[in-house]
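Data block below; observations after.
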Amino acid sequence: MLLVESRAADAALAAFGACLPPRAAGEEVVFLAHGYADVPLGRRYDCCFPADDEGAVTWVTVTVVAVTQQFGRPFDGIPHGWRTLALLRFEPEVPAVVRALPRASVWCEHPVTLLVGDRDAWAARRREYGGFGHVLRRWTEHRRTDAGRLARQAGVPEAWVRGVLCGGPPKDVLLRRLAPVLGLRTPDVFALAGRSSPYDPPPSGARAGAWVPELVRHAVALPPEGLGELRRFAAGLHPVYPEAADAPGEPDHDAADGPGPLLMRLARTRNLGPAATAKTLAVLTGRHWSAATYHALARGGREVTDDLLADFAAVFGVPAADLAVLVGAGPCAAPPPAPAVDGAAELIHDVRVLTADQLRRAVSFARSLRERS
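Under the working numbering, the residues of the sequence shown are numbered 316 to 688, in order.
Quick look at the structure:
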């Protein structure tokens, strides 16, 4: 796959393009983010597409006619290190997406903005769920936005976002700053990237998580002021954690890829395993699925239906349509959660770090609030 930065301006052709043959109709000279030896002459490709919107593919035959790096010039005369000028032939014509590329006089003047590949490679990239770049790509398509706007919303360099969209690993600080943009909490974004968050304490474990359904059962029966009092009580139980360091998050080696595994990965950030997930969702939505269903989801062995998406949306406090995009479940016609669960998602997140003993105390307090209301 060719990574295209820009079209070569006349100044670049005069300075570096002396070894290229004259350009014919349907041909364009571009800057590539490759060494020239990595670009085989005569190689043909089937399509090209923007790096930040791979769904907008243009089917066109692209042939590598010639490449040069001008080794005749002194190294210090080559701006910004080595890049390749390539003469590409487009048939039947140069597509609009190529004509729209900026012109540049030097290497690295623009980031990689266009990819050229073959049909199988493009299809494989579109099929994949793995990698945070695919999450971001689905989001940009869903929101009809681009890397530049996403970067501005997150307050990060655009190159960081483009790098992830092109398949590179995301920086931890990028994941943290994307959380409010995506409508998620920080641990959720790290979970989608297959990591644990270095900025947040980890969930306290399955023994504590087993108490969450009982806590939620009492919480949803409380009036808003009672739920607020319960959340304040739970906040007072939080253990004191040392300030988080800016260390890389640990990979989640056990997580499979696909919509179901991603949903269960998000559930685990709330200290919910399959059994606790089944009970909690039954309390919130009235739909009963067995723990085996959620085990199958975690392995990628069960389809994610609209009903399941609506259930998870209620637990996560995320609109079902957005959740479907983030996990790659496709279009969603799920209804919004019932008003009775308002505030429950926040409570579930609040108590994710409480121990089993602390959650037992929270359940007792919730029961007493319910008896008084």
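Virtual Cβ for every residue (Gly too), placed ideally from N, Cα, C.
Looking only at C-alpha atoms, which of the options sits nearest to residue i?
i             : options                           : result
arginine 550  : Val496, Ala677, Ala508 and Val479 : Reading off the sequence shown, one finds alanine at residue 550, where the question assumed arginine. The candidate whose alpha carbon is nearest that of alanine 550 is Ala677.
arginine 667  : Val640, Ala525 and Phe364         : Ala525
aspartate 487 : Gly470, Ala474, Pro495 and Phe505 : Phe505
valine 372    : Ala436, Ala474, Pro485 and Ser683 : Ala436
valine 409    : Pro516, Ala494, Pro538 and Trp374 : Trp374
arginine 358  : Pro518, Ala644, Val380 and Ala534 : Val380
valine 640    : Pro538, Pro407, Pro574 and Tyr609 : Pro574
alanine 536   : Val598, Thr608, Gly498 and Val496 : Val598
aspartate 325 : Met316, Leu356, Val354 and Leu400 : Leu400
proline 426   : Cys481, Leu490 and Phe631         : Cys481
Starting from residue i, follow the alpha helix (DSSP H) in both directions and report where the run begins and ends.
i             : result
tyrosine 360  : No alpha helix (DSSP H) holds tyrosine 360; the beta strand (DSSP E) holding it covers 359-365.
leucine 402   : Unbroken run through leucine 402 is the beta strand (DSSP E), 399-406; no alpha helix (DSSP H).
serine 679    : 671-687
glutamate 473 : 473-480
alanine 339   : Premise fails: alanine 339 is in no alpha helix (DSSP H) and is neither H nor E.
Under the rule that 16 or more other beta-carbon atoms within 10 Å means buried, what is residue i, buried or exposed?
i             : result
serine 321    : buried
alanine 366   : buried
arginine 687  : exposed
alanine 327   : buried
proline 417   : exposed
leucine 674   : buried
glutamate 529 : buried
glycine 601   : exposed
aspartate 665 : buried
alanine 508   : buried
Once the 5 residues before and after residue i are set aside, which same chain residues still bring their CB inside 6 Å of it?
i             : result
leucine 465   : Val476
aspartate 361 : Asp433 and Arg434
Which stretch, first to last residue, makes up the beta strand (DSSP E) that contains residue i?
i             : result
glycine 432   : 429-432
leucine 347   : 342-347
threonine 383 : 373-383
Report, in whole angstroms, the separation of the C-beta atoms of residue i and residue j, which I expect to be a contact under 8 Å.
i           : j           : result
valine 345  : leucine 335 : Between leucine 335 and valine 345 the Cβ distance is about 11 Å, and since that is not below 8 Å, they are no contact.
valine 633  : leucine 587 : Contact doesn't hold; Cβ gap of about 15 Å is too wide.
leucine 429 : valine 413  : 7 Å
leucine 624 : leucine 638 : 6 Å
Report all residues from its chain with a CB closer than 8 Å to the CB of residue i; omit the five preceding and five following residues, and keep chain order.
i                 : result
phenylalanine 680 : Leu545 and Phe548
proline 576       : Ala570, Leu612, Ala613, Arg614 and Gly615
alanine 494       : Arg500, Thr501, Asp503 and Val504
arginine 682      : His533
Which same chain residues end up closer than 7 Å to residue i when comparing Cβ atoms and leaving out the 5 residues on each side of it in sequence?
i            : result
cysteine 363 : Thr373, Val375, Val377, Pro410, Val412, Val413, Leu429, Leu430 and Val431
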